[in-house]
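> Our numbering puts the first residue of the sequence shown at 18, with every later residue one more than the last.
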Amino acid sequence: MSSEGLKKIDELVQQYIDTGRIEGAVIGIIRQSKVVYLEAHGILEGKTPKPMPEDSIFLMASSTKPVIGVATMILIDDGLISPEDPVSKYIPEYKGLQVAIPLKSAGKGFNPNRKAKNKSINKSKTKAKSKKTWYTKSKREVPEYRLEKVNRPLTIHDLLTHTAGLGTGGGLGSIIVKDRAAPSDTLATWVPRMAAKPLDFQPGTRWAYSPGSGLKVVGRIIEIASGMSLHEFIQSRILDPLNMKDTYWDVPEEQLFRMPYKFHNKAKGNGGVIGEDLSAYASNAGGLFSTTRDYLHFQQMLVNGGALFGHQILKSETVAMMTTNQVGALFSQAAKGGPGQGYGYTTAITLDQEKSRNGQIAGTFSWGGAAGTVSWTTPSEKLTVVYMVQKPSDLPNKIGVIVREAIID
Numbered sequence: 018m019s020s021e022g023l024k025k026i027d028e029l030v031q032q033y034i035d036t037g038r039i040e041g042a043v044i045g046i047i048r049q050s051k052v053v054y055l056e057a058h059g060i061l062e063g064k065t066p067k068p069m070p071e072d073s074i075f076l077m078a079s080s081t082k083p084v085i086g087v088a089t090m091i092l093i094d095d096g097l098i099s100p101e102d103p104v105s106k107y108i109p110e111y112k113g114l115q116v117a118i119p120l121k122s123a124g125k126g127f128n129p130n131r132k133a134k135n136k137s138i139n140k141s142k143t144k145a146k147s148k149k150t151w152y153t154k155s156k157r158e159v160p161e162y163r164l165e166k167v168n169r170p171l172t173i174h175d176l177l178t179h180t181a182g183l184g185t186g187g188g189l190g191s192i193i194v195k196d197r198a199a200p201s202d203t204l205a206t207w208v209p210r211m212a213a214k215p216l217d218f219q220p221g222t223r224w225a226y227s228p229g230s231g232l233k234v235v236g237r238i239i240e241i242a243s244g245m246s247l248h249e250f251i252q253s254r255i256l257d258p259l260n261m262k263d264t265y266w267d268v269p270e271e272q273l274f275r276m277p278y279k280f281h282n283k284a285k286g287n288g289g290v291i292g293e294d295l296s297a298y299a300s301n302a303g304g305l306f307s308t309t310r311d312y313l314h315f316q317q318m319l320v321n322g323g324a325l326f327g328h329q330i331l332k333s334e335t336v337a338m339m340t341t342n343q344v345g346a347l348f349s350q351a352a353k354g355g356p357g358q359g360y361g362y363t364t365a366i367t368l369d370q371e372k373s374r375n376g377q378i379a380g381t382f383s384w385g386g387a388a389g390t391v392s393w394t395t396p397s398e399k400l401t402v403v404y405m406v407q408k409p410s411d412l413p414n415k416i417g418v419i420v421r422e423a424i425i426d
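#1: Considering only the beta carbon of each residue, do residue 313 and residue 45 sit closer than 8 Å?
#2: Can you check whether the CB of residue 225 is closer than 8 Å to the CB of residue 182?
#3: Within 7 Å: the Cβ of residue 324 and any heavy atom of the ligand MN?
#4: Can you list, in chain order, the residues of its chain whose CB lies under 7 Å from that of residue 208, leaving out five sequence neighbours each side?
#5: Could you tell me the distance, in whole angstroms, from the CA atom of residue 190 to the CA atom of residue 35?
#6: On the CB-based measure, 16 or more other CB atoms within 10 Å of its CB, does residue 352 come out buried or exposed?
#7: Let's test the definition: count the other Cβ atoms within 10 Å of the Cβ of residue 344 and tell me whether it reaches 16, buried, or not, exposed.
#8: Identify every run of the beta strand (DSSP E) within the stretch 46–79, keeping only runs that are complete inside it and at least 3 residues long; order them along the chain.
#9: Could you have a look at residue 408 and say whether DSSP puts it in helix, strand or coil?
#10: If you run the structure through DSSP and keep just helix, strand and coil, what is residue 274?
#11: For residue 280, which residues from the same chain have a beta carbon less than 6 Å from its beta carbon, with the 5 sequence-adjacent residues on both sides left out?
#12: Excluding sequence positions up to five away, which residues of its chain have a Cβ less than 7 Å from the Cβ of residue 103?
#13: If we count the other Cβ atoms within 10 Å of its Cβ and call it buried at 16 or more, is residue 66 buried or exposed?
#14: Pairs of beta-carbons, one from the stretch 86–96 and one from the stretch 192–200, closer than 8 Å: are there three or more?
#15: Per DSSP, residue 115 is paired with what?
#16: Give the straight-line distance between the Cα atoms of residue 185 and residue 372, rounded to the nearest whole angstrom.
#17: Roughly how far, in whole angstroms, is the beta-carbon of residue 18 from the beta-carbon of residue 378, given that I think they are within contact range, below 8 Å?
#18: Just checking, does the stretch 256–269 make contact with the stretch 306–324 on the three C-beta pairs under 8 Å criterion?
#19: Can you name the residues that DSSP bridges to residue 385?
#20: Would the beta-carbon of residue 326 fall within 8 Å of that of residue 258?
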């Protein structure tokens, strides 16, 4: 790669720091098994304006999801589960699920932020089995709906690809049943209760992001199939073999100085863990904290076809399955996806370099988190990029262009 080309990253990142769009970032790039770029920029945070440490610990949020994907793929390799398995095979409560369908009289859809015009609801409608109207505590409008049975069983494949319709954020299911996990809940107690929530659409018919619910169900299946807690399984099968020594569900007290103060409460139980026992419940949809170095190890394992440091984490064909489009055109039609995009198991895939909005090379797979972290990997170029930050912006897309143009051989 062109070292001069990569220096453009420094200039670009500094522009974003100078204009206040980010406070700092740590960026790492590996090509053909060699680190070609690893730089810390800016400061850790405004309140303690020390230079950004290269080993800063970042809130990964949904960047955790591909780790859960790999954990699931490990069990597929072990022959303990299959993507086609019905969820009810492991958690009986998920047999005979229902789907909440807004009635046509509600129009094109519902706006959960629109106030209800008539607060005095016709009680007879709420009692009808096929026609109900619900309102949230904040008096927001939800359209009339009906419940119908699922056309087919919900599968692990559906959950890994966000085509399950479970807890999609804007859907009816989570509004109709308002049950929430309590501090005393574990995956074993909470996940079965989630089955009471109607799905937001028939499994496999749409792509809609499930921020937490879908992969919590997968996490419980991992526990049941492996006989281990999710935390223990990921630690022993992924983090330890890949020498991800600075990746935590619960950041040790003595390491908190390496992350922004504003995230300390999330690093100590409130964000990553429900309940006092870490091994009982890990927020696997977004509970990890990690460093650029560690996540480069994770991505490099995928580039290498599932192997790193003498450990074969996954079979090469399983990595290929995880990073191949599994949803047809559904992701390209979704707002979070778009033209030229596909979706595998917990990771997005660039199918068409020209049509894609992100400018990535075809075959690149990527995912990120709400705090701004993003990583992407291009197998054809043996290239992986890890971008760690704690404030979202469009900077990763611009860095992606620089990285692509810096490839000279």
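Think of the CB as a built atom: it goes at the ideal place given N, C-alpha and C, for glycine as much as any other residue.
Based on what the coordinates show:
#1: Mapped onto the sequence shown, residue 313 falls at position 296. Mapped onto the sequence shown, residue 45 falls at position 28. Yes. Within cutoff.
#2: Along the sequence shown, one-based indexing puts residue 182 at 165. Along the sequence shown, one-based indexing puts residue 225 at 208. In this structure, residue 225 lies closer than 8 Å to residue 182 by Cβ.
#3: You won't find the ligand MN in this model; it holds no ligand whatsoever.
#4: Looking up residue 208 in the sequence shown gives position 191. For residue 208, where only same-chain residues beyond five positions count, the Cβ hits under 7 Å are 108, 233, 234 and 237.
#5: Position 173 of the sequence shown, counted from the start, is the residue given in the question as residue 190. Position 18 of the sequence shown, counted from the start, is the residue given in the question as residue 35. Approximately 44 Å, taken between the alpha carbons.
#6: To locate residue 352, count along the sequence shown from 1; it is residue 335. By the neighbour-count rule (16 or more Cβ atoms within 10 Å), residue 352 is not buried but exposed.
#7: Walking along the sequence shown from the start, residue 344 turns up at place 327. Burial check for residue 344: the Cβ neighbour count within 10 Å reaches 16 or more, so the residue is buried.
#8: With a minimum length of 3 residues, the continuous beta strand (DSSP E) runs that stay inside the stretch 46–79 are 51–59.
#9: Taking the sequence shown and counting its residues from 1, the one referred to as residue 408 is at position 391. Of the three classes helix, strand and coil, the one that applies to residue 408 here is coil, per DSSP.
#10: Position 257 of the sequence shown, counting from 1, holds the residue named residue 274. Residue 274: helix per DSSP, three-state reduction.
#11: If you number the sequence shown from 1, residue 280 lands on position 263. Around residue 280: 76.
#12: Mapped onto the sequence shown, residue 103 falls at position 86. Same-chain partners within the cutoff: 170, 171 and 172.
#13: Looking up residue 66 in the sequence shown gives position 49. An exposed status is given to residue 66, since fewer than 16 other beta-carbon atoms sit within 10 Å of its beta-carbon.
#14: no
#15: As a position in the sequence shown, residue 115 is number 98, starting the count at 1. DSSP, once it has assigned bridges, lists 166 as partnering residue 115.
#16: Taking the first residue of the sequence shown as position 1, residue 185 is located at position 168. Taking the first residue of the sequence shown as position 1, residue 372 is located at position 355. Computed Cα separation, rounded: 26 Å.
#17: Position 1 of the sequence shown, counting from 1, holds the residue named residue 18. Position 361 of the sequence shown, counting from 1, holds the residue named residue 378. 13 Å between Cβ atoms; not a contact.
#18: yes
#19: Residue mapping note: residue 385 aligns to position 368 of the sequence shown, counting from 1. Partner(s): 391.
#20: For this step, residue 326 is matched to residue 309 along the sequence shown. For this step, residue 258 is matched to residue 241 along the sequence shown. The answer is yes: Cβ separation under 8 Å.
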